[in-house]
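Visitor:
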Amino acid sequence: MVRTFVAIDLPEDIRERAGESRAVLRRSSGRLAIVDPANLHITVKFIGEVDPARIDPIVEALQAVR
């Protein structure tokens, strides 16, 4: 099974600025999951665990929406 979601990539400049903020966020007392800026995105829809055989049809359907 593959953890699957529909997401929008963020522009490079926004990912860079988020990366610069990582040090400040790490010092916070809150419990935060700090991810690598290269992995930042906006999740539109979480689909869940999907059989790998169903991934290609999902990708094809989403490409038609572009």
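Our numbering puts the sequence shown at residues 17 to 82. In this text, a Cβ means the ideal position worked out from N, Cα and C, and glycines have one as well.
1) Are I30 and I58 touching if we call contact CB-CB under 7 Å?
2) How about A34 and L56: are their beta carbons less than 7 Å apart?
3) Can you tell me the Cα-Cα spacing of T20 and E65, whole angstroms?
4) Is the beta carbon of V18 less than 7 Å from the beta carbon of P68?
5) I need the DSSP call for G64, collapsed to helix, strand or coil.
Guide: Short version:
1) no
2) yes
3) 6 Å
4) yes
5) strand
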